[in-house]
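Listed below in structure tokens is the structure:
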């Protein structure tokens, strides 16, 4: 029916790591292959670790966690070098100075951390987002789909709704039913390739 919005991840490091930008991080990783440690707490935060390795030509030491918070805590304490955190979890730590943000995984900068560049500004075409959408059962009459899509667009255009989503780290980004269908197919193909490259198997 309609895409609702998207969520980006933010790549954060311990402030003591001698890299204050994506360019410096990549250069550091190339000088020390396999020595920088990258935590992950989910498939969503694991995939960008492998994406960065492939697209930037670097080697990181992957450290798996059961969830993002303990991985983020270990970045704060200096036990690991970096982690990709969701914006809601990561931005407070960035603003408090406990971690340093080097880049966000969306193509655009994120309203929660407007001063943090997109990783794509350094690594061309780097993008990884989570997204939410409204779907209806197969066979739903087109007139009903169109009506629901129109109403959802009206709701998503409301300022109070956008503000509420922004607090949760969600960027409102509606798509029409046809656009959503094409986007969903491209995402399925993209994630299948990324999951295979990262050796992620269904459980």
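Residue numbers (our numbering): 561 to 763.
The beta carbon of each residue, even a glycine, is placed where N, CA and C say it ideally should be.
- For residue 612, the closest alpha carbon among the candidates 709, 746, 682 is that of 682.
- Beta-carbon to beta-carbon, residue 615 and residue 573 are separated by about 18 Å, too far to satisfy the 8 Å threshold.
- Secondary structure note for residue 646: its beta strand (DSSP E) is the uninterrupted segment 642 to 646.
- Judged by pairs of C-beta atoms under 8 Å, the region 702 to 712 does not touch the region 654 to 668, as fewer than three such pairs exist.
- Counting only the Cα atoms, residue 743 lies some 16 Å from residue 753.
- Residue environment: residue 696 is assigned as exposed (fewer than 16 neighbouring CB atoms within 10 Å of its CB, all protein chains considered).
- By the criterion of at least three beta-carbon pairs nearer than 8 Å, the region 569 to 586 is in contact with the region 644 to 654.
- With three or more CB-CB distances shorter than 8 Å, the region 682 to 691 counts as touching the region 577 to 585.
- With distances taken between CA atoms, residue 628 lies nearest to 647 out of 617, 647, 621, 618.
- Between residue 686 and the set 716, 694, 645, 608, the nearest pair of CA atoms involves 608.
- In summary, residue 731 is buried, with 16 or more beta-carbon neighbours lying within 10 Å of its beta-carbon over all protein chains present.
- In this chain, residue 700 is not harboured by any alpha helix (DSSP H), its DSSP state being neither H nor E.
- Assignment of residue 677 by DSSP, reduced to helix, strand and coil, places it in the coil class.
- Nearest to residue 601 by C-alpha distance, out of 617, 588, 630, is 630.
- Taking C-beta atoms as the reference points, residue 596 and residue 620 count as a pair closer than 8 Å.
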